[in-house]
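Protein sequences, first through last, are from chains L, A and U. Using our numbering, the letters of the first sequence correspond one by one to residues 197 to 281. Using our numbering, the letters of the second sequence correspond one by one to residues -12 to 337. Using our numbering, the letters of the third sequence correspond one by one to residues 23 to 425. Reviewing the structure listed below.
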Amino acid sequence: MLEKEIERVGIPAVLITALTPVAKMFGANRIAQGIGITNPVGNPKASPDEEKASRKRLVTAALQLLTEKIEEGILPTVGSNKIDL
Amino acid sequence: MAQKVRVIHYINQFFGQVGGEEKADIAPFSKEGPIGPGMLLRHLLGEKGEVIATIVCGDTYFANNIEKAKKEVLQLLAPHKPDLILAGPAFNAGRYGIACGEVCKLAKEELGIETVTGMYPENPGVELCRREVYIIETGSSARNMTEAMAKMVQLGFKLAFKETIGQPQKEGFLPRGIRRNTISEDFGSERAIRALLAKIKGEPFSNEIKPPLFDQVRPAPPIKDLSHSIIALVTEGGLVPKGNPDHIESARATRYGVYSLEGLDRLDKERFESIHMGYDTTFVNEDPNRLVPVDVMREMEQEGVIGALHPYLYTTTGVATFVENSKKIGRDIAKTLKEAEVSGVILTST
Amino acid sequence: MIQGQTLFVNLKELREIIAEDPRFSKVEIEIVHPGDNVRVINVLDVIEPRIKVEGGEIFPGWIGGTGIVGMGKTNVLKGVGVVEVGLMKGSQCGILDMKGPGSTLTYYSSLHHIVLITDPKPGIDQAEYSYALKMAGLKAATYLAKASVSIEPDELKVYEIPPLSRSSIKTGLPRIAYLYITECHEPLKEPFIYGDNPRRFFPTIFHPNEFMDGAMVSCLYDYSPGLKNFTYSIMNNPVIEGLYERHGRELIFVGVVVANTHLNLEEKKRSASMAAKLIRFVLGADGVLITKEGGGHPDIDLMECCEQCELLGIKSSLINCEMLSPDGTGNSMVAFSKFANCIISVGNIEEMVDLPPVERVIGGKEMAIGIKGPFDRPMRIPIRLIPNAISHVGFTHVRGEEF
C-alpha cells in the first residue's frame, strides 16, 4: 500500500479512491472518497466545466487532509458516497 | 538416516546459567554440549539427535547491537556445521523472542540451516519473523517448557529429514501468513452449507479465511503551510506516456515509472494513456486528468493555494493484494520523494 | 441418438446448424473424452445439454421465449458438456486438460465434451461474436439433448419447494436463503437473465428451479475462468443442489435472491440493503449462503451483503476465492466486515499448476491471453485458467489453507 510507505518516511499522503472500505482495511491514514472506480477524480457524466469544478473541490478537500494532524488509530476521511456535482 | 541430527541450541543468559537481568548484556559465546534446559533437549532428542553445542547471548546485548550480535552468532554457529538450530523457547520474553527470531532467520538465510523456535503468540518477536521462521506456539511461561520443547524437537526432526511439513494446527506452529491450495473431501458448497447450519445452531463452525492483520503506520506530521508546500502526484492507475516507453506491466506491476510534468498545464490524451488491465480505461483515456488531476493542481499552483506541483509523476499499476510488490515500490518512491523534499502527496487509485 | 449409455452425434448436421450463423467464418466440432491426452484451449464457456419435455421451454430468451421456466419436466444429459471455443482477442479464456494434473482439479474433465471451435467473421466486434458464440453453445446443447426426448430417463429427480405462504408453517427447521451475487456490466461481462442484460437491476427473487432450465447463462467472456461461473456451474449450482438435498430434513430452502455487483460504493450499499430486506422480510430466512463472481472490488459487495444481512439478524456464510501472490502471501481479500466470520475458501486463484506435455491440442493456434504456443508443451499456469478448478459456487474440491 503506497500511501502507508510514504507516510512511513514522514511525508503526509492522502489516497483518493472510490473503494474507501479497501483503503480503510489496509490501514491508510488519510483517505478521500473518489468519484468512480474507473475515474477517481473525474465525473464523465457531468459537463467538462462542472467536471473540472468538482475535481477541484475533491482535490482541495484532499489537500486539506494533508494539513490536518491525524491521531493514530483514527482515520479521517473526506467525501461521502454521493457524487458531488 | 543412521547419523544423529546435529543440533545447536540458542539460549539467553538466564537459561544459559550465566545470571539474570544483570547479566543481560553479555556478548555471545559458545560451549560444547547442552546447558540448562539443553539437558531436557538432549533427553527429547533421544537416539535421533544430539546437542553438539549451545550458544548463549545476553538479551540486552542482542537487542542493542543486532547487526553486531548477528555477525558474532553466525561466526560461532558456522564452524559446527549443524543440521538444525533450536532457539529458546522464548515464551513471552520480548527481547529473547526477537533474538531467537533473528538467529533463526540468519541461520536459514546465510547458512541454509533448518531452524525452529518457540514463542507465545503475543511475543513481539513473532511479527518480526513469522513468515520466515517456524515458531512453535507456546504458553506464556517456562512452566510449559517440556511441552514446548517436545514440539520444537518434533518439527525440527521433520525439517532435518526433509519431510513434508503439515499445517500449523497439526504441527503446532504459528500461522506464517502463507496459504496453499489443498484438495478437500467435499465441495466448497457442502462445507459452506454445513458451516451455516452449525452457525445457526450455535455450534462451532468453520471459518477458512480470517481477516488480515495490518500494521498501522504512524501518521506523518501535517503540512503547516500549504501555500509553500511541494505536492507530488502518485498513481496506481497505470497512467503512462503514450506507448508505455518503460513497459510498465498492465497489472500487478513490479516497477514504477517516473514522468516529467514540467511545462504541462494538464494531461492530454494524445500524450498519456492508461495501461491498467484491471479496469475499464475508457474514461481515463478520454481525459487522463480524471485519474491524475494535473489540471486542477496546476491551477492551484498558479493561485498560490499550493507552493508548487512536484515536477514528476510516479506511476504504477497496483493490485491491493500483492503486498510484497507494493511495499517495495512504495518504499522506493517514498525514498525518492523524501530526497526531493516533497511536502505532501496525493495518491490516486482505481 | 442415444443407445444405452452412449450418445451418437451427427457432427455434420450439428456443424451445419451452428455454421448457419453468418457471424462465424469457420466452425469445427471436436469430441473429447475424459482421459484423452488432449488439451482444449481458448475455452470460453461450458454448457450442459438439457431440453424441456413438458411444461415450458429451455434457455429462455435464447432458445425459448421469455416465459418463466423451472416447471414441468427437463431432460438432462449427465456426463456431457458443450464447450464454446474461440479466439476472443484481448480477452480471457481457459485451458482444459482432459488428462493429467490439470484435469484432476476440475469436475469438467470428467465430462464428454462436444467442442465448438469457431472463428468470427472478420470485422465483427467482440460483442457480436460473443452473442453468436453463446447462441451456438445453447443451440448445440439443445440439439444434443433432443436425442433424449423419447427415451426413459435413467434417473428421476424431483425439485419442488412450495410458495412462501405454504412454507411459513413452523417446522422448527432453519429457513435458508441463497444470495447469488452476479457481475453484470458492459458487453463481454454479461450474464444474461431470461435473455436480457439487466445491468443496473435491483436485487430480485428467483425460484431455484429457474437456474436449472437456463434462465441465467454466462457471457462473462472478459473474465478469467476462475473469476466467473460457467453456464454449466450455474445450471448445476451445487449450493442449490445441496440446499434441495437437505430441504425438509435439515432446513427449509426458502428461495434465491439474485443481486448485481456495482461500480460505486453507494450502489453497492443500496443493493446490499435491498437484498437483505428481501431475505429477511419476504423470504423470512434465518440464514443465508452468499456467493459472488468477479475479483477485487466485488469483495466489497460480498461484505456489504453479509453485513446488511447480519444486521437484520440473518446468519450468513460466504464462499470466496483468494487473490494472493503465486507464493501464497498477501491478503486473501480486499475487503472485510467484522460480521464475516464464516467464509469458505475455494483457493488462491494465482497458485501455479504445472501441466505436462500433451499429444494433441484443440481450439486454435494462438490464445486470447498472452501465453505463447506451442500449447502441447509443458506449461506452468495459474490455477484460475483451468475452467471450474476455482469455482465461486463451490463446485470444486480446491480450497486454501494456512501453511
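Each residue gets a CB set at the ideal place from its N, CA and C atoms; glycine is no exception.
Contacts with chain A (Cβ-Cβ distance below 7 Å) from the stretch 303 to 315 of chain U involve D308, G309, L311, listed in chain order.
Interface criterion met: the Cβ of L/P217 is under 8 Å from a Cβ in chain U. DSSP, reduced to helix, strand and coil, places A/E8 within a helical segment of the structure shown. Annotated as proximal: U/I198 and U/A307, with beta-carbon spacing under 8 Å.
For the set A/K149, A/S128, A/K157, A/S127, the Cα lying nearest the Cα of A/K138 is the one of A/K157.
By the Cβ test, the stretch 289 to 305 of chain U is not in contact with the stretch 159 to 166 of chain U, since fewer than three Cβ pairs between them sit closer than 8 Å.
For U/T88 and U/I69, the gap between their C-alpha atoms comes out near 19 Å. Put simply, the CB of U/C115 is far from chain A, with every gap to its CB atoms at 8 Å or more. Put simply, the stretch 360 to 374 of chain U touches the stretch 190 to 201 of chain A. At least three CB pairs are less than 8 Å apart.
Under the three-state reduction of DSSP, A/K18 is assigned to strand. For the C-beta of A/F270, the chain L residues within less than 7 Å are, from N- to C-terminus, T234, N235, G238, P240. For L/A224, not one C-beta of chain U is nearer than 8 Å to its own C-beta. Ranked by how close their Cα comes to the Cα of U/F214, the residues U/P396, U/L186, U/I256, U/K179 have U/I256 in first place. Neighbours of L/K220 across chain A, judged by C-beta separation under 7 Å, do not exist; the nearest C-beta is about 10 Å away.
No Cβ-Cβ contact shorter than 8 Å links A/I235 with A/T133. Taking all protein chains in view, the Cβ of L/Q229 is crowded by 16 or more other Cβ atoms within 10 Å, so the residue is classified as buried. At least one CB atom of chain L sits nearer than 8 Å to the CB of A/N276.
DSSP places U/R268 within a helical segment (H, G or I) once states are collapsed to three. Counting C-beta atoms within 10 angstroms of its own C-beta, A/G230 has fewer than 16 neighbours from the protein chains shown and is therefore classed as exposed. Contacts with chain A at 8 Å (Cβ-Cβ) include U/T351.
A/R163 is the residue among A/K18, A/A56, A/R130, A/R163 whose C-alpha sits nearest the C-alpha of A/V103. A Cβ of chain A is located within less than 8 Å of the beta carbon of L/A209. Uninterrupted alpha helix (DSSP H) stretches at least 4 residues long and entirely within the stretch 318 to 393 of chain U occur at 320 to 333, given in chain order. Between the alpha carbons of U/M345 and A/A50 lies a distance of about 37 Å. DSSP places U/N286 outside any alpha helix (DSSP H), giving it a letter other than H or E. Listed along chain L, the residues sitting closer than 9 Å to U/I322 by beta-carbon distance are L215, P217, V218.
Counted as a single uninterrupted DSSP element, the stretch harbouring A/A94 is not any beta strand (DSSP E), since DSSP gives it neither H nor E.
Note on A/P275: 16 or more other CB atoms within 10 angstroms of its CB, so buried under the neighbour-count rule. Look at U/T126 here: in three-state DSSP terms it is helix. Distances from the alpha-carbon of A/A86 to those of A/T335, A/D70, A/L115 put A/L115 closest. If you ignore the 5 residues before and after L/F222, its C-beta comes within less than 6 Å of the C-beta of M197, all in its own chain and listed in chain order.
With a beta-carbon spacing of about 6 Å, L/G238 and A/F270 fall inside the 8 Å limit used to define contacts. Secondary structure at A/D46: helix, using DSSP grouped into helix, strand and coil. Assigned with DSSP and collapsed to three states, A/N52 falls in coil, not helix or strand.
Here L/G232 has A214 as same chain residues with Cβ atoms under 6 Å from its own Cβ, once five neighbours each way along the sequence are excluded. Listed by position along chain L, the residues whose Cβ is nearer than 8 Å to that of U/H229 form an empty set, because the closest Cβ is around 33 Å away.
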